[in-house]
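Protein chains: 2
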Amino acid sequence: MLHDPAQLDLMFQALADPARRQMMERLSRGPASVSQLAEPLAMSLSAVVQHLNVLEASGLVSTEKLGRVRTCRIEPKALRAAEHWINERRLAWERRLDRLGDFLAETKQQT
Amino acid sequence: MLHDPAQLDLMFQALADPARRQMMERLSRGPASVSQLAEPLAMSLSAVVQHLNVLEASGLVSTEKLGRVRTCRIEPKALRAAEHWINERRLAWERRLDRLGDFLAETKQQT
DNA sequence: GCGATACTGAAGTATTCACTTAACTATTTT
DNA sequence: AAAATAGTTAAGTGAATACTTCAGTATCGC
């Protein structure tokens, strides 16, 4: 479920926007309300809510409404899934380079 | 330079598309030509070239043309930058949760 | 040199995005 | 109860995306 391509789509797409990454940075320092997330951003509150919905749909953020304030927090599981995907590919490539290096070193010795 | 928001934009945006992620998966197993990248994808070669240009512009992939074939390879540095950004945010959040846990454990003992 | 191969580029199109404004709903505060 | 606060929703707009097809341009193999 965490490796569902559609879910990864949503997560990477969510992280592709600078405003949303800024919101994630804010949330990495602790939970925040919608207005608190909006404060440093040069856009309407409405736009922020829309960004927030994208983040929530991607699973990167979860929210909970108490009274009139919606409190948002990071969902580390989802973040880990995105991280994991990247890591796998990078490692596969780097292991390949290592093997290639070993191979070259060996064949060099054999001359 | 690796933490340039614009560069991160390009990288996450590049990874947001399933076709491009599939191309990255193929490349993580070794260099490939444009046609080899295109082979498993249900779209025109032209579309693949366009995706490839997105990947290259993001820095995630570098290419080199010899004769008539363009060979593509993963650029692990860029991949590491994206990974790093995610990791930082996740760790910040998880450390926060840990501190909170410690705090709750302490105050509980004090009763 | 001639045909096949491996791309490349331009133009067009349908869809999706990132906003905006404006009108509205629920909760507190006074 | 009235006014302020916090957020939501809908509709619209301009720009960016993800393709397509078609018409190229270099190699390469014979």
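Chains as they are written, first to last, in my numbering: chain A, 2 to 112; chain B, 2 to 112.
Don't be surprised by glycine CBs; every beta carbon is placed ideally from N, CA and C.
Rounded to whole angstroms, residue 90 of chain A and residue 96 of chain B show a C-alpha spacing of 26 Å. The three-state reading of DSSP puts residue 67 of chain A in strand, counting E and B together. Annotation for residue 4 of chain A: no alpha helix (DSSP H) segment contains it, and DSSP assigns it neither H nor E. Look at residue 43 of chain B here: in three-state DSSP terms it is coil, with no helix or strand label. The C-beta of residue 99 of chain A comes no closer than 8 Å to any C-beta of chain B.
Three or more beta-carbon pairs separated by less than 8 Å are not found between the segment 7 to 16 of chain B and the segment 25 to 43 of chain A, which leaves the two stretches without contact. The alpha-carbon of residue 66 of chain A is positioned some 32 Å away from that of residue 18 of chain B. Under the 8 Å Cβ criterion, the segment 69 to 87 of chain B does not count as touching the segment 51 to 62 of chain A, having fewer than three qualifying pairs. Going by beta carbons, residue 52 of chain B and residue 20 of chain B fall inside the 8 Å limit. In the three-state DSSP reduction, residue 33 of chain A falls in the strand class (E or B).
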